[in-house]
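Structure first, then comments.
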Amino acid sequence: MRFLLGLDVGTTSTRTIIINENGKLVASSTSNYKLITPKPGWAEQNPDDWWAASVKTIREV
Numbered sequence: 001m002r003f004l005l006g007l008d009v010g011t012t013s014t015r016t017i018i019i020n021e022n023g024k025l026v027a028s029s030t031s032n033y034k035l036i037t038p039k040p041g042w043a044e045q046n047p048d049d050w051w052a053a054s055v056k057t058i059r060e061v
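Structure representation (structure tokens):
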């Protein structure tokens, strides 16, 4: 059976899923991270957080 891994790197979390060839969800994992707001109206993110969350969730599925 074949599987597909999906990775969603979002504003406050990364989610990884695995689905089978029939489209059924086999596994999923989510890791949250902070949105940095140094000033009103500003929003920043640390790319290292994206990487760490991606590695963590991929390993968990």
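Residue numbering for the sequence shown follows the UniProt record's numbering, starting at 1 and increasing by one per position.
Note that beta-carbon positions come from the ideal geometry of N, C-alpha and C, so glycine has one too.
| request: Run the CB neighbour count on A27, radius 10 Å, all protein chains shown included, and call it buried at 16 or more, exposed below. | output: exposed
| What are the boundary residues of the beta strand (DSSP E) that R15 is part of? | 13-20
| Which of the three DSSP states, helix, strand or coil, is assigned to T37? | coil
| Under 9 Å between the Cβ atoms of T14 and A53? | yes
| task | Can you give me the start and stop residues for the alpha helix (DSSP H) that A53 sits inside? | result | 47-60
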